[in-house]
Structures are given as C-alpha cells and as structure tokens.
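Chemist: Quick one: this structure, given as structure tokens, is what I'll be asking you about.
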Amino acid sequence: MQRPFAKYLRAAAAMIAGLALGLAATAVSLRTGYGFGAMRVGPWTAWPQIGGADIDPYARAMLSRSGEAPLGREQGLAFIARADSSGERLDGRCEYRILDQAPPARFWTLSVAAPSGALLANLSGRHVFTSADILRREGGDFEIAVANSARAGNWLAIGAVRDFVLVLRLYDTPFDVDARHEASSFPRIVKTACA
Amino acid sequence: MRIPDRYLDYLPWAIATAMIAGIVHIVSVLLMPTLAPHDAFARLADAAKSAERTDGGVALLPAAAPGAETLPFEDPALAEGVCVYDLTKGLLRVRATADGDDFLGLSFHAGAGRIFHALTDRGAIKGKIDIVVGDLRQIGALELADGGAPPVQEVRVTAPTKRGFVLIRSLAKRASDQTRARQRLHTVKCESFQPPV
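The listed protein sequences derive, respectively, from chains A and B. Under our numbering, read the first sequence as residues 921 to 1115, first letter to last. Under our numbering, read the second sequence as residues 9 to 205, first letter to last.
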C-alpha cells in the first residue's frame, strides 16, 4: 500500500516543480529584453527583428505582455540605453550629458522614459528632442543635458525617479543592421555629477 | 565513481521535472500573445472607443502625457491615430497623402502583435498611399475581379489574422508642430468595403 502512494506523491511533486520552473523561466526570459538578435553599439541597444514579420516568439511574448507597438523595420529603428558610455547604469540622482552626433536618418528623436516605457513627469514638460528642434554647435554636433535643474541649451529633466532609460529613434534611416558600427557614430552618454 | 542508489531513484523524477519545465516554458511563451490581456491591440481598441474620430475614420489618440500613455515606449514627439479593423466585416482600405516633407508612418499589426506591413510617406507612389488589407480569400476575390490588372497605386496586403490595427504616426518636428502633426492625421482615411462578388 505504501509504494504506489509514494509514487503518486513524487509524480505530483515533479509536475508542480516542473510547472513552477517553466513559468519562472518564462518570467525571467521576458524580463531580459526583446528576444534574440539584439544589436549593441556602445551603450545603445536595438532589436531590429521586432519590427518585422520574422519576429521571434520571445519578442512577441514580451511585446504582447508590455503592450508595446514597435516601429516597423521599414520605418526606422529604436535604440535604448540603460547605461552610460562607461557601462554604469543610468541613475536618476546623477546628471548626464548626451554628446556628439546621431547616426544618419531623415529624422531622429531622443527621449527619456521610465524603464517601463512610461513618460516621466517633470517640471520642464519636455520629454524629447528631435533632430529638427535641437540646438547644435558649429559643425553639427549637439549636447543635451539630462538634469533636474534648468540648464541653458538642450535640457531634458527626468523628475524624481531612480531609474530611467534613454531612447534614440531613427526614422527613415539607411542604417544597415547587419554591419558593424562604431560607437563613435552614436551619441555618447557621459555622467557629469551625482547628488 | 559510485552513485548511491538513493540518488538514482530520484533521477527519473528529476528528468521528468526538467521535461515538464521545458514544455511549460515553451507553451507559456507561445501562448502569451493570445492570452496577454493588455497587449497593444487591447489598449488601442479600448482607446479607440472613447477617442475622437476623424472624418476619415481614424481614431485620434490623446497626446502622450505622464500617466496617460496609451502605449508604453511611444515617441512623445509623435501624434498618433489608429484604425482598428475586423476583416470579417469586409476589407480595409487605408489612404493617405504624402507631402514629402514630414514623417508619416503606417504600420499594420496583426491582432497578436506582429507587424505584417509597414511603410512611411517615403514609400508613397506619386505622393499617394493606397493600401488594401484583406485575408487570403478577400485578396484573391479582388485579384479575380480586376483580371490581373490592379490599379497602379494600390498595394494589396494579406493579413495573417482577421483582427488587427493600423497605427498611424505623424512626427512633430518641433514641439510647436504638434497641432500640425495631428492635422496631418486627418488626411489619412480608413474605410471598410466589401469584396466584389
């Protein structure tokens, strides 16, 4: 009588453990990004395949859970930076400068957002700079200050948050996703001060 | 090396656990697009119900503001509109005019989130965008009706699912251009029509 009962118990334990492990694996894999095919240039990362019909199942699961509608591959590319150019995580208590230039595109925009993709409430009311409205230096380079107190020139405020991300969107870009790219063709993110 | 029998007893159970975990993982990832309650389609269908509608049938999404975003990770520099479609009620025709100066993007999303067609105003033919979305049968009926000579500007796209949405993005180059970018959404027309019999 003892033996079969123990077997059932073990089978049930294996099933419950398998279920928990499988769901945990799903939760972890969906938190790490948009599946395969990430393209990294300096601190910037893009997932070109999420905008096409060849999107992989992980990216689809991730997008349907977050509720995002990505840019079509033919429309442009969105790059996300969660760290600065030295690899340190972006921290809302620090101030940053975004420098130099953006890759070629018909238009680009650079915005700040929460890691969840929400906009950040801030005093300036500005969340984004576009290639058309940014002030440039001679030679075409630009410099954006990310800080919570007002700055002269291009200034983005992030409000009272610990974590934020930077999003660089290139619209109608000739960018070749299969080629290797130098980090120097992308904006640099430099930490200037911390509170 | 000798492994105690005690551990060998557990081995089949451990293998079974790993296999169940693998199956559960794969199934849950594959099912996520159909089960996720707040995917882009649900959010946009919800927003479209209460949104202002243009004469062209485009639901204008409210301007993104902190705490009132329709979709996460959308560019705040964009003015956006959406056409939610259901092919069981007929084919969808999307028409737009490109002025060549400002960015206008149209992306066609299947209900479960996959983009099956996308273009910008750069993809316009002689300044016009004219796209017909239908399922395999509907597009087939259209092709049969015109005898292999489709109108020049018309692009026909086969949708993988019956329901989906067309997201229309219009870029405001400057913060002061928001109104103009929203106005451009009024030039886009979405209409449902029946296939020729």
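Virtual Cβ for every residue (Gly too), placed ideally from N, Cα, C.
If distances are taken between C-alpha atoms only, which option among B:Ile139, B:Arg61 and B:Gln146 comes closest to glycine 98 of chain B?
Modeler: Nearest of B:Ile139, B:Arg61 and B:Gln146 to glycine 98 of chain B, Cα basis: B:Gln146.
Chemist: Tell me the start and end of each unbroken beta strand (DSSP E) in the region 1007-1061 of chain A that is at least 3 residues and wholly inside, in chain order.
Modeler: Listed in chain order, the complete beta strand (DSSP E) runs (minimum 3 residues) inside the region 1007-1061 of chain A are 1014-1020, 1027-1033 and 1048-1050.
Chemist: With DSSP as the reference, label tryptophan 21 of chain B as helix, strand or coil.
Modeler: Here tryptophan 21 of chain B sits in helix by DSSP.
Chemist: Counting only beta-carbon atoms, is glutamate 77 of chain B nearer than 8 Å to chain A?
Modeler: Closer than 8 Å: yes.
Chemist: If we require 4 or more residues per run, which alpha helix (DSSP H) segments fall completely within the region 961-1004 of chain A?
Modeler: Qualifying alpha helix (DSSP H) stretches, in chain order: 977-986.
Chemist: Closer than 7 Å by C-beta to methionine 921 of chain A: which residues in its own chain qualify, once you throw out the five before and the five after it? Chain order, please.
Modeler: In this prediction, methionine 921 of chain A scores a pLDDT of 46, lower than 50, which makes its location untrustworthy; the coordinate-derived value is nonetheless stated afterwards. So no residue of the chain qualifies.
Chemist: Would you decide whether cysteine 1114 of chain A is buried or exposed? Buried here means 16 or more other CB atoms lie within 10 Å of its CB.
Modeler: Exposed, by the Cβ-count rule.
Chemist: If the criterion is Cβ atoms closer than 8 Å, does the pair threonine 78 of chain B and leucine 114 of chain B meet it?
Modeler: Result no, Cβ atoms of threonine 78 of chain B and leucine 114 of chain B do not sit closer than 8 Å.
Chemist: Are the C-beta of serine 58 of chain B and some C-beta of chain A separated by less than 8 Å?
Modeler: No, serine 58 of chain B lies away from the interface with chain A (no Cβ there is under 8 Å from its Cβ).
Chemist: If we call anything under 8 Å between Cβ atoms a contact, is arginine 871 of chain A one with aspartate 1020 of chain A?
Modeler: Because chain A in this structure spans residues 921 to 1115, residue 871 of chain A falls outside the shown range and cannot be described.
Chemist: For the 8 Å Cβ check, are there 3 or more pairs between the region 62-81 of chain B and the region 188-198 of chain B?
Modeler: Cβ pair count under 8 Å is three or more, so yes.
Chemist: Relative to the C-alpha of aspartate 107 of chain B, which candidate in B:Pro41, B:Ala149, B:Arg122 and B:Lys134 has its C-alpha closest?
Modeler: Among B:Pro41, B:Ala149, B:Arg122 and B:Lys134, the Cα nearest to that of aspartate 107 of chain B belongs to B:Lys134.
Chemist: With C-beta atoms as the reference, is glycine 942 of chain A less than 8 Å away from alanine 29 of chain B?
Modeler: Cβ distance < 8 Å, so glycine 942 of chain A and alanine 29 of chain B count as in contact.
Chemist: Does the beta-carbon of leucine 112 of chain B have 16 or more other beta-carbons within 10 angstroms, so that it is buried, or is it exposed?
Modeler: Buried, by the Cβ-count rule.
Chemist: What are the boundary residues of the alpha helix (DSSP H) that glutamate 151 of chain B is part of?
Modeler: 144-153 is the span of the alpha helix (DSSP H), which, as asked, contains glutamate 151 of chain B.
Chemist: Select from A:Ala926, A:Val1097 and A:Tyr928 the residue whose C-alpha is nearest the C-alpha of proline 1023 of chain A.
Modeler: Among A:Ala926, A:Val1097 and A:Tyr928, the Cα nearest to that of proline 1023 of chain A belongs to A:Val1097.
Chemist: So with CB distances below 8 Å, who are the chain A contacts of histidine 117 of chain B?
Modeler: Those are Ala989, listed as they occur along chain A.
Chemist: Work out the CA separation of alanine 1033 of chain A and valine 92 of chain B for me, nearest whole Å.
Modeler: Each residue's alpha carbon lies about 27 Å from the other.
Chemist: So with CB distances below 9 Å, who are the chain B contacts of arginine 1056 of chain A?
Modeler: Those do not exist, as arginine 1056 of chain A stays about 14 Å from chain B at its closest Cβ, beyond 9 Å.
Chemist: If contact means a Cβ-Cβ distance below 7 Å, which residues of the region 1029-1044 of chain A contact chain B?
Modeler: Cβ contacts with chain B: Thr1029, Ser1031, Ala1033, Ser1036, Gly1037, Ala1038, Leu1039, Leu1040 and Ala1041.
Chemist: Looking only at its own chain, which residues have a Cβ that is under 6 Å from the Cβ of alanine 132 of chain B, when we skip the five neighbours before and after it?
Modeler: Only Ala106 meet the Cβ criterion.
Chemist: Taking the alpha carbon of glycine 75 of chain B as the point to measure from, which residue in A:Phe1062, A:Glu988 and A:Leu1039 has its own alpha carbon closest?
Modeler: Ranking A:Phe1062, A:Glu988 and A:Leu1039 by Cα distance to glycine 75 of chain B puts A:Leu1039 first.
Chemist: Check the Cβ of glutamine 130 of chain B against every Cβ in chain A and list those closer than 7 Å, keeping chain order.
Modeler: Looking at the sequence itself, residue 130 of chain B is arginine, so the reference to glutamine does not match. Result: Asp1092.
Chemist: So if I threshold CB-CB distances at 7 Å, which residues from the region 966-984 of chain A count as touching chain B?
Modeler: Those would be Gly971, Gly972, Ala973, Ile975, Pro977, Tyr978, Arg980, Ala981, Leu983 and Ser984, in chain order.
Chemist: Rounding to the nearest angstrom, what Cα-Cα distance links arginine 1089 of chain A and alanine 933 of chain A in this structure?
Modeler: Answer to the nearest angstrom: the Cα atoms are 48 Å apart.
Chemist: Could you work out which residues of chain B lie near arginine 1116 of chain A, taking near to mean beta carbons separated by less than 9 Å?
Modeler: Here chain A covers residues 921 to 1115 and nothing more, so residue 1116 of chain A does not appear.
Chemist: Could you please give the first and the last residue of the uninterrupted alpha helix (DSSP H) stretch that includes threonine 187 of chain B?
Modeler: Where threonine 187 of chain B is concerned, the enclosing alpha helix (DSSP H) stretches over 186-193.
Chemist: According to DSSP, glycine 113 of chain B sits in a beta bridge with which residue or residues?
Modeler: Partner(s): B:Thr128 and B:Arg177.
Chemist: Got a sec? Which residues, its chain only, sit under 8 Å from proline 924 of chain A by beta carbon, not counting five neighbours each side?
Modeler: So no residue of the chain qualifies.
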